[in-house]
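Here the sequence shown stands for residues 2 to 139, numbered as in my numbering.
Before any comments, here is the structure.
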Amino acid sequence: MKYSADPCQDSRKPSRHAASSSVGGSNTPLFDQFRGNYIATQDPSISPYSLFANTAYDAFYAFVYSAVSVGAKPLTGANLSAGMANLVPGPGTTKVKIRPEDLNQALDLLSKGEKIDLEGTSGPLDFDLETGDVAQEN
2 MKYSADPCQD SRKPSRHAAS SSVGGSNTPL FDQFRGNYIA TQDPSISPYS
52 LFANTAYDAF YAFVYSAVSV GAKPLTGANL SAGMANLVPG PGTTKVKIRP
102 EDLNQALDLL SKGEKIDLEG TSGPLDFDLE TGDVAQEN
């Protein structure tokens, strides 16, 4: 068997391209912006449609926002988990999109003790505080 120069065409070679699937939120303007930023700044051999690229991006922002929301408390697992309660929709929350231009707004609100409702590149990040899962759209 002759090896292909394209790792996606050679089933015997591991490939970062092979791990792709339907990407959550991929038909939204927020994902389109993520895709454009990703293509402009990342290794062109890695697709923004690779498995979990946008969900990892969303997870990073959620982690940072949770860390900011705990204020001066130590960054322990329990405190970070409790901080996630400040990132779910509810009364008095402000809708914030996960994108660079909303970063300062989110950090400002959370540092004041306010809550935000996150819309990620993969869709709404409506965390179930009992399980930690994000509600899936049907």
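Backbone N, C-alpha and C fix where the C-beta goes; we use that ideal spot for every residue, glycine too.
The model shown is predicted, which means the values in this text are computed figures rather than measured ones.
For residue i, write down the residues that DSSP places opposite it in a beta bridge.
i: Pro125; result: Glu120
Confirm, please, whether the CB-CB distance from residue j to residue i is below 8 Å.
i: Glu115; j: Thr95; result: yes
i: Thr122; j: Tyr58; result: yes
i: Ala68; j: Leu76; result: yes
Tell me whether residue i sits in a helix, a strand or coil according to DSSP, three-state version.
i: Val135; result: strand
i: Thr95; result: strand
i: Ser82; result: helix
i: Ser70; result: helix
i: Gly114; result: coil
i: Asp103; result: helix
i: Leu88; result: helix
i: Asp44; result: coil
i: Leu76; result: coil
i: Leu31; result: helix
Can you list, in chain order, the residues of its chain with a C-beta nearer than 8 Å to that of residue i? Leave out the 5 residues immediately preceding and following it.
i: Lys74; result: Asn80
i: Val71; result: Asn80, Leu81, Ala83, Gly84
Just to confirm my understanding: we take residue i, look at its own chain, exclude 5 residues before and 5 after, and list those with CB closer than 7 Å. What are they?
i: Val135; result: Leu126, Asp127, Phe128
i: Gly133; result: none
i: Ala107; result: Tyr66, Val97, Ile117
For residue i, I'd like the list of residues in its chain whose CB is within less than 6 Å of its CB, leaving aside the five on either flank, ordered along the chain.
i: Leu130; result: Ala86
i: Leu31; result: Lys98, Thr122
Quiz item: Counting Cβ pairs closer than 8 Å, one from the segment 26 to 37 and one from the segment 72 to 91, do we hit at least three?
Solution: Verdict: no, contact absent.
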